[in-house]
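In terms of the working numbering, the sequence shown has 114 at position 114, counting the first letter as 1, and numbering is strictly consecutive. Structure first, then comments.
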Amino acid sequence: MNVLGIILARAGSKGLPGKCVVPLRGRALIEYTFDHALAARSLAAAVLSTDSEPAKALAHRYHIEVIDRPAAMATDEARVDDAARHAVEAWEARHGGAVHAVVLLYGNIPLRAPGLIDRVVAHLLHTGADSVRSVARVGKHHPDWLHRLDGDRMTPLRPNGLYRRQDLEPLYYHDGAAAAVTRASLFSALRRPGDGQAFLGADRRAVVQDASDAVDVDDALDLRVAEAALDGGTSESAADAVRIGERRVGAGQRAYVIAEAGVNHDGSEEAALELIDAAAEAGADAVKFQMFRADVLTARGAATAQYQRASTSARDQAELLRSLELPDHAWAKLRDRCRRRGVHFLATPFGLDEVRRVRELGAPAIKIASTDLTCAPLIDAACRTGLLVLLSTGAATAAEIDAAAARCRRAGAFDRLILMHCVSSYPTTCASANLRRIGALQRRYRRPVGYSDHTTSTQTGAWALSAGACVIEKHLTLDRGLAGPDHAASLDPAEFRAYVENLRAAESALGQGGLDYQLCEADVRRVARRSIVAAREIPAGTVLTKDMLAFKRPGGGVPPSDFEKLLDRRLVAPAMGDTVLTWDMIE
1 MNVLGIILAR
11 AGSKGLPGKC
21 VVPLRGRALI
31 EYTFDHALAA
41 RSLAAAVLST
51 DSEPAKALAH
61 RYHIEVIDRP
71 AAMATDEARV
81 DDAARHAVEA
91 WEARHGGAVH
101 AVVLLYGNIP
111 LRAPGLIDRV
121 VAHLLHTGAD
131 SVRSVARVGK
141 HHPDWLHRLD
151 GDRMTPLRPN
161 GLYRRQDLEP
171 LYYHDGAAAA
181 VTRASLFSAL
191 RRPGDGQAFL
201 GADRRAVVQD
211 ASDAVDVDDA
221 LDLRVAEAAL
231 DGGTSESAAD
241 AVRIGERRVG
251 AGQRAYVIAE
261 AGVNHDGSEE
271 AALELIDAAA
281 EAGADAVKFQ
291 MFRADVLTAR
301 GAATAQYQRA
311 STSARDQAEL
321 LRSLELPDHA
331 WAKLRDRCRR
341 RGVHFLATPF
351 GLDEVRRVRE
361 LGAPAIKIAS
371 TDLTCAPLID
381 AACRTGLLVL
391 LSTGAATAAE
401 IDAAAARCRR
411 AGAFDRLILM
421 HCVSSYPTTC
431 ASANLRRIGA
441 LQRRYRRPVG
451 YSDHTTSTQT
461 GAWALSAGAC
471 VIEKHLTLDR
481 GLAGPDHAAS
491 LDPAEFRAYV
501 ENLRAAESAL
511 GQGGLDYQLC
521 EADVRRVARR
531 SIVAAREIPA
541 GTVLTKDMLA
551 FKRPGGGVPP
561 SDFEKLLDRR
571 LVAPAMGDTV
581 LTWDMIE
């Protein structure tokens, strides 16, 4: 089934002007819905239907296709199903494919329960209904507790003597978080223009969630409620993830892949630009360089490491590093090339001036190398930038990592910290990768953890992802045979592409971890589950007993788990033997 997610947002709003892009915890309100749509596995594509120029600009940053909503469909009186049909027809005209169902997602709902979108789509497919909406149980505003006022005289809306909440009839409201509708139902509503709910079809189903699982923002009070919920809630927008630019990074998010160009440009600006192009074409999210001045970083006569001596003729670190420096004017060019290629520009600074330069260049994050885990002034400076900090932990003791993490906490940067597991050996053998350390870092520090991979395998990124890493960093070179310190521990462009493909395949296989069944299981569930059936012919009006019932395939009827509920109930229609019993046949 080809399911299109349609994010709906208007520029105008009486209750909260510019509602869809109003700030909420440092982000535009609609960005939370972008996150939810992109995380849904059941959506073939997601589009934004809007007349808001700021919302369109945000959608482009998230690579979400924009459908320009006509002015007539952007008024207070306009109907949501008109905008949805317009979006479907526009998408089909652009792409040539047929949409079978849509999921309507309002851009003013920043909280949705994890996996909700996939649940409503799965329920739509399983039931064959016309629509499935998320609903929550009515609480204090139950109709039995509502009154009309004549002056100050109260008259019950529904006369009753109910006092306790638990005695109220269970009633449910659509919380607006998600609505899945078949294309047939959406377009058949055109035959009933006077019915504002016709697009939901005749067979309307529900997925029940808690009232706290969604917040519908219409005014300033709703916005404050949403902020409080995001600060302490457990929804898809909970703060267990961090942001690198527009990307959410953390548990349950798409892995963030950094191509570590490092010093593999060998001091050549042109080679550095080629590395950016190769990284973008291989599927990286970011390209990272190392930024330093040799005379500031190392003392004269400092010995090189064994792996450096094996690949270069430099007499000491100063000579080696001078050959790998890029000129100052190159950095802005590299940053601009990254922007044109759609990848983030990142850098590891090795001095205080370089920390300032990384920030000025607009990098969305800053990396502290394993070698500087104990360099307190550099860590302090990185924390003061306000950027997300990637802190590498190679060749470190637990006490050293504790001290660095504590320093980030004191600097107010702990909530924007990602720890990077790393083995400071070039290249690292797979036997020394120690990927279980990823989980150990997560448990000890309760922060997202990444993996800086120095193996030459194209599989280790996928393994690290399975171990819990949310950021994967891998060295990239144009040619592994070049002379230089890091080429031998790097992957060439073809290998890097395979590395990313393997990682994404593992990511797909890991799934979201939800307990509910998946769409691919729906057919087997439908035909192989059992229903309660008539064991023999049963006349209408018969009171059901155990001997009249059997449990047979297919599913879709009253499940065997409700067997006791059928006993002593009356059949309202006759049933032949093997007839699947459904609740509308029971009195």
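Glycine is no exception: its CB is placed at the ideal position from the N, C-alpha and C atoms. From a predicted model like this one, the values you see are computed outputs, not experimental measurements.
Which of helix, strand or coil does DSSP assign to residue i?
i           : result
residue 435 : coil
residue 404 : helix
residue 588 : The structure shown does not extend to residue 588, since the chain spans only 1 to 587, so no value can be given for it.
residue 64  : coil
residue 323 : helix
residue 13  : coil
residue 58  : helix
residue 34  : helix
residue 114 : coil
residue 414 : helix
residue 589 : Since the first and last residues shown for the chain are 1 and 587, residue 589 lies out of range.
residue 169 : coil
residue 98  : coil
residue 52  : coil
residue 451 : strand
residue 470 : coil
Have a look at the options and flag the residue whose alpha-carbon is nearest the alpha-carbon of residue i.
i           : options            : result
residue 70  : 34, 49, 203        : 49
residue 397 : 387, 251, 437, 431 : 437
residue 165 : 143, 13, 389       : 143
residue 531 : 523, 560, 510      : 560
residue 517 : 72, 120, 95        : 120
residue 367 : 353, 342, 418, 403 : 418
residue 172 : 36, 148, 205, 81   : 205
residue 301 : 315, 242, 294, 308 : 315
residue 343 : 80, 382, 284, 160  : 284
residue 483 : 130, 320, 161, 108 : 320
residue 248 : 401, 524, 37, 16   : 37
residue 6   : 81, 23, 74         : 81
residue 476 : 454, 528, 389      : 454
residue 228 : 110, 145, 132      : 110
residue 105 : 145, 153, 138, 29  : 29
residue 589 : 230, 541, 554      : Past the edges of the chain, shown from 1 to 587, lies residue 589, and the structure says nothing about it.
residue 495 : 480, 242, 486, 506 : 480
For residue i, which residues from the same chain have a beta carbon less than 8 Å from its beta carbon, with the 5 sequence-adjacent residues on both sides left out?
i           : result
residue 209 : 113, 116, 134, 135, 136, 175, 177
residue 53  : 11
residue 478 : 264, 271, 274, 275, 278, 492, 493
residue 354 : 291, 292, 293, 347
With burial defined as no fewer than 16 other Cβ atoms inside 10 Å of the residue's Cβ, what is the status of residue i: buried or exposed?
i           : result
residue 420 : buried
residue 592 : Absent from the structure is residue 592, since the part of the chain shown begins at 1 and ends at 587.
residue 463 : buried
residue 429 : exposed
residue 543 : exposed
residue 582 : exposed
residue 520 : exposed
residue 15  : exposed
residue 473 : buried
residue 335 : buried
residue 515 : exposed
residue 546 : exposed
residue 433 : buried
residue 107 : buried
residue 442 : buried
residue 468 : buried
residue 19  : buried
residue 415 : exposed
residue 337 : buried
residue 130 : buried
residue 190 : exposed
residue 35  : buried
Which residues in the same chain as residue i place their Cβ atom closer than 6 Å to its Cβ, once the five residues preceding and following it in sequence are excluded?
i           : result
residue 323 : 267
Can you check whether the CB of residue j is closer than 8 Å to the CB of residue i?
i           : j           : result
residue 124 : residue 198 : no
residue 46  : residue 67  : no
residue 422 : residue 457 : no
residue 451 : residue 405 : no
residue 287 : residue 255 : no
residue 244 : residue 377 : no
residue 318 : residue 352 : no
residue 61  : residue 246 : yes
residue 566 : residue 586 : yes
Which same chain residues end up closer than 7 Å to residue i when comparing Cβ atoms and leaving out the 5 residues on each side of it in sequence?
i           : result
residue 187 : 85
With a threshold of 7 Å (Cβ to nearest heavy atom), would residue i be considered close to the ligand HEM?
i           : result
residue 537 : Judged by which ligands are present, the structure shown has none, so any question about the ligand HEM falls away.
Taking CB distances under 8 Å as the criterion, tell me whether residue i reaches chain D.
i           : result
residue 132 : Absent from the structure: chain D. Only one protein chain is present.
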